[in-house]
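Presented below is the structure to which this report refers.
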Amino acid sequence: MASAFLTGNKTTHFICGAIREVKNDLHDLDFADTMLNIDSITTLLAIITFCLLAKFVYDQQKKKYKNFPPGPMRLPIIGNLHMFNLREPYGTLTQMSKKHGSIFSLQFGFINIVVLSGYKVVKDALIKHGDDFSDRPQIPLFAKLIRGYGVVFSNGENWNVMRRFTFLTLRQLGVGSKAMESVIHDECDMLLKAIKSYEGKPFDNLPVMSTAIANILLSIILGNQYTCEDPTILRMKHLIEESVKLIACPMSLLYNVYPPLVNCLPGSHRTTINNNLEFCKLVKEIYTKFKAQPDKHERRSLIEAFLDKQHEVKSKSGLYFHDENLNTLISNLIIAGLEPVHSTLRWGLLLMMKYPDIQKNVQDEIKKMIGVSLPQTEHRKELPFTNAVIHEIQRFGNIAPISIPRATTRDITFKGYFLPKGTFIIMLLRSVLQDKDYFEKPEEFYPQHFLDSEGKFVKNEAFIPFSAGKRSCIGENLAKMELFLLFTRLLQNFTFLPCPGLELNFNPEIGFVSSPKPYMMRAVPRL
Ligand code: HEM
Numbered sequence: 127m128a129s130a131f132l133t134g135n136k137t138t139h140f141i142c143g144a145i146r147e148v149k150n151d152l153h154d155l156d157f158a159d160t161m162l163n164i165d166s167i168t169t170l171l172a173i174i175t176f177c178l179l180a181k182f183v184y185d186q187q188k189k190k191y192k193n194f195p196p197g198p199m200r201l202p203i204i205g206n207l208h209m210f211n212l213r214e215p216y217g218t219l220t221q222m223s224k225k226h227g228s229i230f231s232l233q234f235g236f237i238n239i240v241v242l243s244g245y246k247v248v249k250d251a252l253i254k255h256g257d258d259f260s261d262r263p264q265i266p267l268f269a270k271l272i273r274g275y276g277v278v279f280s281n282g283e284n285w286n287v288m289r290r291f292t293f294l295t296l297r298q299l300g301v302g303s304k305a306m307e308s309v310i311h312d313e314c315d316m317l318l319k320a321i322k323s324y325e326g327k328p329f330d331n332l333p334v335m336s337t338a339i340a341n342i343l344l345s346i347i348l349g350n351q352y353t354c355e356d357p358t359i360l361r362m363k364h365l366i367e368e369s370v371k372l373i374a375c376p377m378s379l380l381y382n383v384y385p386p387l388v389n390c391l392p393g394s395h396r397t398t399i400n401n402n403l404e405f406c407k408l409v410k411e412i413y414t415k416f417k418a419q420p421d422k423h424e425r426r427s428l429i430e431a432f433l434d435k436q437h438e439v440k441s442k443s444g445l446y447f448h449d450e451n452l453n454t455l456i457s458n459l460i461i462a463g464l465e466p467v468h469s470t471l472r473w474g475l476l477l478m479m480k481y482p483d484i485q486k487n488v489q490d491e492i493k494k495m496i497g498v499s500l501p502q503t504e505h506r507k508e509l510p511f512t513n514a515v516i517h518e519i520q521r522f523g524n525i526a527p528i529s530i531p532r533a534t535t536r537d538i539t540f541k542g543y544f545l546p547k548g549t550f551i552i553m554l555l556r557s558v559l560q561d562k563d564y565f566e567k568p569e570e571f572y573p574q575h576f577l578d579s580e581g582k583f584v585k586n587e588a589f590i591p592f593s594a595g596k597r598s599c600i601g602e603n604l605a606k607m608e609l610f611l612l613f614t615r616l617l618q619n620f621t622f623l624p625c626p627g628l629e630l631n632f633n634p635e636i637g638f639v640s641s642p643k644p645y646m647m648r649a650v651p652r653l
């Protein structure tokens, strides 16, 4: 309605007419009325300015987004927000992709978002157009927390330098080698001991499992200086676990859409910001200690490799090795590396309790092929069923349903649509891992997705839980090693059973990572 009024001469006539009317009225009024009307004029002018501005923005957007992918009808100001079930946003996106196809657009407040779904389209974007889709968008809450540093949400040269450093350092620290296998086994020994101590009685697996996985990651990032029992680490872990959930809560989502409006309100976004400030303070305490006593540690760590780089400021890339990047990189790695592995394993145990026959087949295969000896990564080939089950846990568990958002690095035409530079892109990984053209029973837990008719393991090209291309998961090798060794040893040592009277719950927790809700289980020793 407003924009219909505000076109060309009609707009000027409307404004002049309104002001003239107000002026005429002013003659006949006393002082109080005059004051009242001055307020009315201000309000009227504000409304008119707003409408003109809205029209200008609308025209600019229309020009910019010509030939933009279509999508569901949007409302002014809120766009498509009203259509979202904020408690299950991934479900809403999946439903929309069924209706609007593999490329469609949405509007969140004033932000235009393009959603890509299905293996073919997502693969094209990740691989064929890898460079065009390799940025991260500016998401207000993350921008506030991360300020363009670290690796997960940075872009350009900062991202390049941090990614290369992280990738090479993980390799130098033994990820993928026998040395890392032994770190994982040491932690697994403690995990088995902790589980055994419950003597087959019900227990909550969340704290026990997260301790083991956190200790593996900490040994890489901080060397052998810190373990999960350290009060600083306990606090850091709590802050991360809380923030990972809060980031997907309604107030945080609203903050990302209307930052100035929501900023002053209380809610999950404020707690996340405060958690981040506290987290950075704790990381700073840790690296200050490292700086104070260099070369004193038995095992080298990522933090020490970074501090070494700070001394080599000769090269141009050396400029990026400052404390802000160190702070953010460490928090990035702890957040990105802890929760996904932990959640995948917890989905795994939940599924083993639901499907006792599959659990038994895995145990029989382990018994037959490796007996009681320690599993090694090479055993994957000899354990095709176990390997297929682990792949299916990752596919079914689907812990990163929308991956991490991307943005276009330049103006591009993709599948016939124009996407301006900086377009916010969601790659719906959930739709890839459930693509019915690649998985026979996409909504079921079906390890045969990764087995041929003779029971041999077969790869499936649409299996990309770590995403793909130049911005794919840095921790893929570490995560695969952890999942294989921990899962195999857990099933070699225990049979996992549900607690009598408790129903198994497969509804995921809301959060950035789609994890199972806390649950109790029993573990009966086998050896
Ligand atoms: C089961 C375990 C894991 C899964 C399913 C997983 C999945 C993912 C996914 C989907 C992305 C987004 C990639 C993209 O934008 O295309 C990602 C990014 C990332 N992951 Fe993982 N991840 C896992 C474990 C880990 C571990 C153990 C680490 C750390 C050592 C890690 C570190 C990272 C980092 C740093 C990024 C950002 C990469 C970048 O922006 O360049 N992840 N991960």
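Those letters in the sequence shown? Residues 127 to 653, per this note's numbering, in order. Each residue gets a CB set at the ideal place from its N, CA and C atoms; glycine is no exception. All values derive from a computational prediction rather than experimental measurement.
> Does the Cβ of Lys371 have 16 or more other Cβ atoms within 10 Å, making it buried, or fewer, making it exposed?
Replying inline: Against the sequence shown, residue 371 aligns to sequence position 245. Buried, since its Cβ has 16 or more Cβ neighbours within 10 Å.
>> Does Ile174 come out as helix, strand or coil in the three-state DSSP assignment?
In response: Position 48 of the sequence shown holds residue 174. If DSSP states are grouped into helix, strand and coil, Ile174 belongs with the helices.
> From Thr398 to Tyr564, what distance separates their C-alpha atoms?
Replying inline: On the sequence shown, position 272 is the one that residue 398 refers to. On the sequence shown, position 438 is the one that residue 564 refers to. So the two alpha carbons sit approximately 38 Å from each other.
>> Our contact map puts Ser469 next to Ser641 with C-beta atoms below 8 Å; I'd like the distance itself, whole angstroms only.
In response: As a working mapping, residue 469 is identified with position 343 in the sequence shown. As a working mapping, residue 641 is identified with position 515 in the sequence shown. That belief holds up - the Cβ atoms of Ser469 and Ser641 are roughly 4 Å apart, short of 8 Å.
> Is there contact here, the segment 371–389 with the segment 242–258, by at least three beta-carbon pairs under 8 Å?
Replying inline: no
> Do Phe622 and Arg648 have their CB atoms nearer than 9 Å?
Replying inline: By 1-based counting over the sequence shown, the position of residue 622 is 496. By 1-based counting over the sequence shown, the position of residue 648 is 522. In contact: Phe622 and Arg648 (Cβ atoms closer than 9 Å).
> So who's on the other strand from Thr621, going by DSSP bridges?
Replying inline: In the sequence shown, residue 621 corresponds to position 495, counting from 1. BP columns for Thr621 point to Val650.
>> Check for me: the beta strand (DSSP E) holding Met199 runs from which residue to which?
In response: Mapped onto the sequence shown, residue 199 falls at position 73. Segment: none, Met199 is in no beta strand (DSSP E) and carries neither H nor E.
> Taking the C-alpha atoms as reference points, what is the distance between Phe279 and Trp285?
Replying inline: In the sequence shown, residue 279 corresponds to position 153, counting from 1. In the sequence shown, residue 285 corresponds to position 159, counting from 1. When rounded, the distance between both Cα atoms is 8 Å.
>> If you follow the alpha helix (DSSP H) that Ile552 is in, where does it begin and where does it stop?
In response: Position 426 of the sequence shown holds residue 552. Not the alpha helix (DSSP H): Ile552 falls in the beta strand (DSSP E), residues Phe550 to Leu554.
> Between which two residues does the beta strand (DSSP E) containing Gln233 stretch?
Replying inline: Working through the sequence shown from its first residue, we reach residue 233 at position 107. It spans Ile229 to Phe234 - the beta strand (DSSP E) in which Gln233 sits, taken as one unbroken run.
> Heavy atom of the ligand HEM less than 8 Å from the Cβ of Gln520, yes or no?
Replying inline: As a working note, residue 520 is residue 394 in the sequence shown. The answer is yes for Gln520.
> Between Phe589 and Ile516, which are expected to be in contact by the criterion C-beta below 8 Å, what is the C-beta distance as a whole number of angstroms?
Replying inline: Here residue 589 refers to the residue found at position 463 when the sequence shown is read from its first residue. Here residue 516 refers to the residue found at position 390 when the sequence shown is read from its first residue. The Cβ separation is near 11 Å, so there is no contact.
>> Am I right that Lys582 and Pro510 are in contact with their C-beta atoms under 8 Å? What's the rounded C-beta distance?
In response: Here residue 582 is taken as the residue at index 456 of the sequence shown, counted from 1. Here residue 510 is taken as the residue at index 384 of the sequence shown, counted from 1. About 6 Å separates the two Cβ atoms, so the contact holds.
> Hey, Ser369 and Ile461: beta-carbon distance below 9 Å or not?
Replying inline: To locate residue 369, count along the sequence shown from 1; it is residue 243. To locate residue 461, count along the sequence shown from 1; it is residue 335. Yes, the Cβ-Cβ distance between Ser369 and Ile461 is below 9 Å.
>> Quick test of your reading: Phe591 and Gln520, contact by CB under 8 Å. State the CB separation rounded to the nearest angstrom.
In response: Translated into positions along the sequence shown, residue 591 becomes position 465. Translated into positions along the sequence shown, residue 520 becomes position 394. A small fix is needed here, since residue 591 is Pro in this sequence, not Phe. Going by Cβ atoms, the distance from Pro591 to Gln520 rounds to 5 Å, so yes, they are a contact pair.
> Which residue comes first and which comes last in the beta strand (DSSP E) that contains Phe540?
Replying inline: For this step, residue 540 is matched to residue 414 along the sequence shown. Segment Ile538 to Phe540, the beta strand (DSSP E) holding Phe540.
>> For the alpha helix (DSSP H) containing Tyr245, name the first residue and the last one.
In response: Along the sequence shown, one-based indexing puts residue 245 at 119. Element bounds for Tyr245: Tyr245 to Lys249.
> Quick one: Cα of Met127 to Cα of Pro195, how far?
Replying inline: If you number the sequence shown from 1, residue 127 lands on position 1. If you number the sequence shown from 1, residue 195 lands on position 69. Low local confidence applies: a pLDDT of 32 at Met127 is under 50, so the model's placement there is unreliable, with the coordinate-based value given in what follows. Taking the straight line from one Cα to the other gives about 26 Å.
> Do three or more CB pairs link the segment 353–366 to the segment 400–409 at distances below 8 Å?
Replying inline: yes
>> Tell me the rounded alpha-carbon separation between Met335 and Ile359.
In response: On the sequence shown, residue 335 is found 209 positions in, with the first residue counted as 1. On the sequence shown, residue 359 is found 233 positions in, with the first residue counted as 1. C-alpha separation (whole angstroms): 15 Å.
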